[in-house]
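**Student:**
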Amino acid sequence: MSKTIDIRTVDVVQYIKPLREGGSLPGIVNANDDFFYVLKFRGAGQGKKALISELMGGELARALGLKVPELVFMNLDDSFSKTEPDEEIQDLLKFSVGLNLGLHFLSGAITFDPLVNAVDAITASKIVLLDSLISNIDRTVKNTNLLIWNNELWVIDNGASFYFHHNWDLYKNHLTRTFPLIKDHVLLPWATKLGEAAKEIKKAFSSEKLEEIIALIPEDWLLDESEKMSPEDMRLAYMEYFQAKLAMIDKLVKEAEDAR
75 MSKTIDIRTV
85 DVVQYIKPLR
95 EGGSLPGIVN
105 ANDDFFYVLK
115 FRGAGQGKKA
125 LISELMGGEL
135 ARALGLKVPE
145 LVFMNLDDSF
155 SKTEPDEEIQ
165 DLLKFSVGLN
175 LGLHFLSGAI
185 TFDPLVNAVD
195 AITASKIVLL
205 DSLISNIDRT
215 VKNTNLLIWN
225 NELWVIDNGA
235 SFYFHHNWDL
245 YKNHLTRTFP
255 LIKDHVLLPW
265 ATKLGEAAKE
275 IKKAFSSEKL
285 EEIIALIPED
295 WLLDESEKMS
305 PEDMRLAYME
315 YFQAKLAMID
325 KLVKEAEDAR
């Protein structure tokens with residue numbers, strides 16, 4: 075029986091500094107459990123949908139046995155925007171009051187560099203195929219979104235995935251699509267065991283595991299006055315998407331192999 079996912083909820087007690095490398099301006103914060111986190115803001119560019127992608131992408135990677143920093147829900151109150159001198163960050167803090175998402179901060183980690191670092195074939199294949207499955211457009215040479223920490227490869231930043239959920243009216247169009255952008259994936263040169271990775275993905279991503287990951291999404295993140303779909307309909311649509319992608323995993327393997 076698979077282990078139940080338990081996402082802790084913590085409170086932000088100190089905003090330390092912004093990480094200006096990211097387009098969405100995540101910040102390093104301290105929480106009431108005395109740990110440091112990279113906080114992803116609900117008030118940033120892609121809003122709550124980026125947090126949903128981050129949450130699901132991270133927990134799918136973890137279910138596949140990949141290294142992912144702990145993800146936590148983070149409560150942010152309105153006191154931080156009042157003391158922040160930078161206007162841009164002040165607005166971000168103001169629009170992000172409520173429940174956000176944090177990744178455990180890996181102190182001293184370095185960005186994966188394909189010219190310097192190598193990665194084993196099965197790990198590379200799993201990451202490539204997972205990113206194809208979740209349509210992650212943001213793991214390229216330009217922006218690897220991978221870290222080396224304690225001599226191990228860690229997967230971070232899955233927020234640019236599941237781009238079908240930015241337009242629910244057309245989500246069914248994505249159910250049969252492959253992912254041609256996999257040709258730009260930073261780990262493609264090492265991904266020589268895609269067939270083996272596909273078997274592991276099918277085994278790891280049971281219906282129960284997928285339902286458990288989708289159930290983690292806070293109701294609040296799915297509520298949107300501009301959407302016709304209810305949160306429950308959206309959860310069913312995510313499940314439909316996963317099942318459709320798993321059903322065509324051999325096509326995704328072939329596409330990645332041809333690209334390599």
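Per the numbering used here, residue 75 is the first one in the sequence shown, and the count goes up by one each step.
The beta-carbon is built from N, C-alpha and C at its ideal position, and this holds for glycine as well.
Since the structure is predicted, the reported quantities are computational estimates derived from the model, not experimental observations.
(1) When the Cα atoms are used, what is the spatial distance from L249 to Y89?
(2) So, helix, strand or coil for A234, using DSSP?
(3) Out of W295, K273, E331, point me to the one whose CA is closest to A321's CA.
(4) My output table needs one value for A105: the three-state DSSP class, helix, strand or coil.
(5) Name the DSSP beta bridge partners of N174, please?
(6) In whole angstroms, give me the CA-to-CA distance for M75 and H259.
(7) Around the Cβ of T197, are there at least 16 other Cβ atoms within 10 angstroms (buried) or fewer (exposed)?
(8) For L320, is the beta carbon positioned less than 6 Å from some heavy atom of the ligand SAM?
(9) Are the beta-carbon atoms belonging to L296 and M308 less than 7 Å from one another?
(10) Less than 8 Å between the CB atoms is what I'm expecting for L134 and I201, so what's the real figure, rounded?
(11) Bridge partners of V86, per DSSP?
(12) So N174 packs on F110, CB below 8 Å; how close in whole Å?
**Tutor:** Let me lay it out:
(1) Along the sequence shown, read from residue 1 onward, the residue named residue 249 stands at position 175. Along the sequence shown, read from residue 1 onward, the residue named residue 89 stands at position 15. Answer to the nearest angstrom: the Cα atoms are 40 Å apart.
(2) On the sequence shown, position 160 is the one that residue 234 refers to. The answer is coil: DSSP assigns A234 none of H, G, I, E or B.
(3) Along the sequence shown, one-based indexing puts residue 321 at 247. With distances taken between Cα atoms, A321 lies closest to K273.
(4) Walking along the sequence shown from the start, residue 105 turns up at place 31. Residue state, collapsed to three classes: strand.
(5) What you label residue 174 is simply residue 100 of the sequence shown in a count that begins at 1. In the DSSP output, where bridge partners are listed per residue, N174 has M148.
(6) Stepping through the sequence shown from its first residue, residue 75 is reached at position 1. Stepping through the sequence shown from its first residue, residue 259 is reached at position 185. Here M75 scores only 44 on pLDDT, less than 50, and its place in the model should not be relied on; the value that follows carries that caveat. Answer to the nearest angstrom: the Cα atoms are 33 Å apart.
(7) The residue you call residue 197 lines up with position 123 of the sequence shown. Buried, by the Cβ-count rule.
(8) Of ligands this structure carries none, so the ligand SAM is not represented either.
(9) Counting from 1 along the sequence shown, the entry for residue 296 is found at position 222. Counting from 1 along the sequence shown, the entry for residue 308 is found at position 234. The beta carbons of L296 and M308 sit closer together than 7 Å.
(10) Walking along the sequence shown from the start, residue 134 turns up at place 60. Walking along the sequence shown from the start, residue 201 turns up at place 127. No, L134 and I201 are not in contact; Cβ-Cβ is about 11 Å, not under 8 Å.
(11) Here residue 86 refers to the residue found at position 12 when the sequence shown is read from its first residue. Bridge partners of V86: A105.
(12) Against the sequence shown, residue 174 aligns to sequence position 100. Against the sequence shown, residue 110 aligns to sequence position 36. The Cβ separation is near 15 Å, so there is no contact.
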